[in-house]
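In the working numbering, the protein residues as written are 6 to 100. Beneath this line is the structure, given in structure tokens, with notes to follow.
In structure tokens form, the structure reads like this:
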């Protein structure tokens, strides 16, 4: 599935460390997968389970220590680079 998605568009996966995810999601009651006695263990479990699929899906951007504004700039630049490469023709796209 990752290959099909990549052929149809630009896929950018945002990654964060367990500590960052825990900090960002603590106190959020709308995260049913993180409810329970040990949300940190659950985050680690979910990350391990999903990591390969996410890495195969496209381009990884690490979010730790970056503001929303910085991430928007990074994602925009990556997107523009990938679109320019795609417009140049087959075999020119960087993976």
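All C-beta atoms, glycine included, are put in the ideal place defined by N, C-alpha and C.
A straight-line Cα-Cα distance of about 41 Å links residue 93 and residue 30.
Taking C-alpha positions only, residue 22 is separated from residue 53 by approximately 12 Å. Look at residue 78 here: in three-state DSSP terms it is helix.
Taking a 10 Å sphere around the C-beta of residue 87, we find 16 or more other C-beta atoms and assign the residue as buried.
Approximately 6 Å separates the beta-carbon atoms of residue 27 and residue 48; this is inside 8 Å, confirming the contact. For residue 15, there is no enclosing beta strand (DSSP E), as DSSP gives it neither H nor E.
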